[in-house]
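Taken in order, the sequence shown gives residues 28 to 108; the numbers are from our numbering.
Each residue gets a CB set at the ideal place from its N, CA and C atoms; glycine is no exception.
Remember, predicted model here, so these are calculated numbers, not experimental data.
Below: the structure, in structure tokens.
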Amino acid sequence: MMTTLGLVALACGLIIGLGAIGACIGIALMGGKYLEASARQPELMNTLQTKMFLLAGLIDAAFLIGVGIAMLFVFAKPFGA
């Protein structure tokens, strides 16, 4: 029983940690490409900015779904009594 709870805690830490790293890398790459594109074509800056913020929200949403699943494992204890 204690081993299962320890492994669930480890899995939740990995879900949150790797999800945060992935979201940070994704937003950083997207922001860099936005700056490159807006420097190359400044007249499209407003359109690109709208799309960038939309994609940033989707990237963060994927991370927050992972946090929600991790919190489900921590508090609901689906694998143990």
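Beta-carbon separation (whole angstroms), residue i vs residue j, contact threshold 8 Å
i: V35; j: F90; result: That pair is no contact at about 20 Å.
i: S65; j: L56; result: Actually they are not in contact, since the Cβ atoms of S65 and L56 sit about 15 Å apart, beyond 8 Å.
Buried versus exposed call for residue i [16 or more other C-beta atoms within 10 Å across all chains shown]
i: A97; result: buried
i: G93; result: buried
i: M79; result: buried
Any chain C beta carbon closer than 8 Å to residue i
i: K78; result: The structure shown contains no chain C, having only a single protein chain.
Check whether residue i and residue j have beta carbons under 8 Å apart
i: A83; j: I48; result: no
i: A50; j: D87; result: yes
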